[in-house]
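See structure below.
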Amino acid sequence: AIKYREAAPFDPTRSFGEAMLTPSRIYSKALVALAKSGKMKAAAPITSGGLKRSLSNAVPQHLKASLKAERWELPAVFRWIAWKFEIEVSEMLATFNCGVGMAIVVAREDVDEVLATLKSFEEEPIVA
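For our numbering, count along the sequence shown from 1 and bump the result up by 1121.
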């Protein structure tokens, strides 16, 4: 068993407790700015239901979201969970956010402007 104060097996610079209790990011300021600009078509917080199900809720039924997982690095904690508990990739995507806290749907022609807005709020957006 891992103890709260022990070094996290996936990040020896922090205790297991500290790593597991890291607060969620709050995206409200960036999302309000995007909503006011009219550039955001939809947004999906990636919470219960994992990345796969949460994203499908933000996309109209006649469309399909397609993500390229190689566009972002799976955080160490998720790599460790998958390894330690032998969880398949499909189950990881259906259960966890896999390092993506919010998905935003925008028109292709607005991508550059939306990325600039997100970066101005010190977010680290990826296009996947």
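Note that beta-carbon positions come from the ideal geometry of N, C-alpha and C, so glycine has one too.
- Three or more Cβ pairs closer than 8 Å define a contact, and the stretch 1192-1199 meets that threshold against the stretch 1123-1139.
- Straight-line measurement puts the Cα of Lys1173 at about 33 Å from the Cα of Arg1126.
- Ala1165 places its beta carbon less than 8 Å from that of Asn1178.
- Non-local beta-carbon contacts of Asn1218 in its own chain, meaning distances under 8 Å to residues more than five positions away in sequence, involve Ile1167, Thr1168, Gly1171, Leu1172, Ser1175 in chain order.
- In this structure, the beta-carbon distance from Met1213 to Ala1224 does not fall below 8 Å.
- Going by DSSP, Arg1200 is part of the alpha helix (DSSP H) stretching over 1197-1205.
- Of the residues assessed, Leu1239 falls on the buried side of the cut-off, its CB having 16 or more other CB atoms within 10 angstroms.
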